[in-house]
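Position one of the sequence shown corresponds to residue 123 (our numbering), numbered consecutively onward.
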Amino acid sequence: MSNYFEVKAKVKRTDERTGKEKRVSEQYLVDALSFTEAESKTTTYLNEGAGDFSIVSIKKSNAEELLKGEEEKYYLAKIEFKEVDEKGKVKTSKTNILLTADSPDQALSKVKDHTSDWMTDNELIALQETSILDFVA
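If you want it as structure tokens, here you go:
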């Protein structure tokens, strides 16, 4: 089973307004089995065009699912759902879904479409844009 990792890197980029080079932080979502693999994949990805960079941090993402489309912005949806166990007791669980969308409204629509066929009652409790720039598979 793969895991999602959030990798932050300091990358030297040219400022479009001033033309000067500066180091900026960039965050990537990486599908990997381990921290080592996440670092390796990010290094390979950044070697393809980022120039001078350094990996600053790697952490496991709390996203359990990724709905990736052609859109460029990444949103994190926190969803609470309720299930009734065999004893009739209601259990509440939460899941996090990372998705791409062009706007918060489009992200909301995608979440509703995705969860509409779930067999449990669910409620979107938070939806926020993330600083993730790209997905590295």
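Just so it is clear, CB atoms sit at the ideal spot from N, CA and C, and this is done for glycine as well.
Worksheet item: Are the Cβ atoms of Val233 and Tyr167 separated by less than 7 Å?
Response: Judged by beta-carbon spacing, Tyr167 lies beyond the 7 Å limit of Val233, meaning their Cβ atoms are not closer than that value.
Worksheet item: In three-state DSSP terms, what is Asp256?
Response: Strand at Asp256.
Practice prompt. For Val178, count neighbouring Cβ atoms within 10 angstroms of its own Cβ and tell me buried if that reaches 16, exposed if not.
Written response: The residue is exposed, with fewer than 16 neighbouring Cβ atoms inside 10 Å.
Worksheet item: To the nearest angstrom, how far is it from the Cα of Leu155 to the Cα of Thr140?
Response: When rounded, the distance between both Cα atoms is 40 Å.
Item to complete: Evaluate contact between the region 203-210 and the region 148-165, counting only Cβ atoms and requiring at least three cross-stretch pairs below 8 Å.
Response: Verdict: no, contact absent.
Worksheet entry | Rounded straight-line distance, which links the Cα of Tyr197 to that of Leu249 | Approximately 7 Å, taken between the alpha carbons.
Worksheet item: Should Asn184 be labelled buried (16 or more other beta-carbon atoms within 10 Å of its own) or exposed?
Response: In summary, Asn184 is exposed, with fewer than 16 beta-carbon neighbours lying within 10 Å of its beta-carbon over all protein chains present.
Worksheet item: When DSSP labels each residue in this structure, what does Glu193 get in the three-state scheme?
Response: The DSSP-derived three-state label of Glu193 is coil.
Worksheet item: What do you reckon, are the CB atoms on Leu255 and Glu187 nearer than 7 Å?
Response: No, the Cβ-Cβ distance between Leu255 and Glu187 is not below 7 Å.
Practice prompt. Would you mind sorting Asn244 into buried or exposed? The rule is 16 or more other CB atoms within 10 Å of its CB.
Written response: Classification for Asn244: buried.
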